[in-house]
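Enquirer:
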Amino acid sequence: MIYWHIFWAFFLPGILGYGGGPASIPLVEKEVDDRYGWVTENEFSEMLAMGNALPGPIATKMAGYIGFQEGGVIGAFIGVFATVAPSLLLMIALLRLLMKFKDSPKVNLLTNLVRPVIAVLLAMMTISFFQNSYDGIGIYQTVFIGVVSLLLLEKVKVHPAYVIAGSLMYGAIFLA
4 MIYWHIFWAF FLPGILGYGG GPASIPLVEK EVDDRYGWVT ENEFSEMLAM
54 GNALPGPIAT KMAGYIGFQE GGVIGAFIGV FATVAPSLLL MIALLRLLMK
104 FKDSPKVNLL TNLVRPVIAV LLAMMTISFF QNSYDGIGIY QTVFIGVVSL
154 LLLEKVKVHP AYVIAGSLMY GAIFLA
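Add 3 to a position in the sequence shown, counting from 1, and you land on the number used in the numbering used here.
Written out as structure tokens, the structure reads:
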């Protein structure tokens, strides 16, 4: 039964997460945290940070990790397959239709209407992460890490992997 749960936990966000990884991450969090309780919100945020530091699509890395954690190697395979299956099946089934309507104004309108929804989902997840950080380490540490990270990313143009690694080191040294 665990393999079936792993499959559905990653297949549903793949189907409903129009817009790729960023759109499906909040949906994956709802499944693995709220519905099945495989990880806590803090564990999910740490997994998301580590996954973003590694190359490749974030959703497949998270599916592989959680699948392995819950069901071993077979669970990892099922999780990764369930993540890519919706796109794979739809691309195979609808390739001709997609090529026919790819420049359609209606398709472009739909894409433009979905982007704000994705932004709101990501903002809600960010607010939740900040709330957990505030509850766990306090306002000063949360603001400090956030401001320093923002400055490093936007002003100094440091690669996100280095910012994540630096934040992890800061936490290990000063917050452990």
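C-beta: ideal position from N, C-alpha, C; glycine also. Predicted model only: the values in this text are computed from it and were never measured.
Give the single residue among P60, E44, A164 whose Cα lies nearest to the Cα of S27.
Expert: Comparing Cα positions, the closest option is P60.
Enquirer: Measure from the alpha carbon of A62 to the alpha carbon of each residue in L113, F147, I18, L154, then state which is nearest.
Expert: It is I18 whose Cα lies nearest to the Cα of A62.
Enquirer: Among residues of its own chain, excluding the 5 on either side of T86, which ones have a beta-carbon nearer than 6 Å to its beta-carbon?
Expert: The residues are F13, G17, A62, T63, A66.
Enquirer: Give me, in chain order, the residues of the same chain whose beta-carbon lies closer than 8 Å to that of A88; leave out the 5 immediate sequence neighbours on both sides.
Expert: Around A88: F14, G17.
Enquirer: For P29, tell me which candidate among L171, L92, A122 has the shortest Cα-Cα distance.
Expert: Among L171, L92, A122, the Cα nearest to that of P29 belongs to A122.
Enquirer: Compute the Euclidean distance between the alpha carbons of Y68 and A96, then round it to the nearest angstrom.
Expert: If you take the alpha carbons of Y68 and A96, they lie about 29 Å apart.
Enquirer: Check whether the stretch 40–57 and the stretch 152–169 are in contact - that is, three or more C-beta pairs closer than 8 Å.
Expert: Yes, they touch.
Enquirer: Drop a sphere of 10 angstroms on the beta-carbon of E34, count the other beta-carbons inside from all chains shown, and report buried for 16 or more, exposed for fewer.
Expert: When all chains shown are included, E34 counts as buried.
Enquirer: What did DSSP end up calling P60 once you bin it into helix, strand or coil?
Expert: Coil, per DSSP.
Enquirer: Tell me which same chain residues have a C-beta within less than 6 Å of the C-beta of A79, skipping the five on either side of it?
Expert: Closer than 6 Å at Cβ, skipping near neighbours: G67, G70, F71.
Enquirer: Report the residue from G149, H162, K158 whose alpha carbon sits nearest the alpha carbon of Y173.
Expert: Of G149, H162, K158, the residue nearest in Cα terms is G149.
Enquirer: Which one of A179, I9, L154, K160 has the shortest CA to CA distance from V83?
Expert: Looking at the Cα atoms, I9 is the closest of the given residues.
Enquirer: In angstroms with no decimal places, state the Cα-to-Cα distance between S136 and L171.
Expert: Roughly 13 Å between the two C-alpha positions.
Enquirer: Applying the criterion that 16 or more other CB atoms from any shown protein chain within 10 Å of the CB defines a buried residue, is M94 buried or exposed?
Expert: So M94 ends up on the exposed side.
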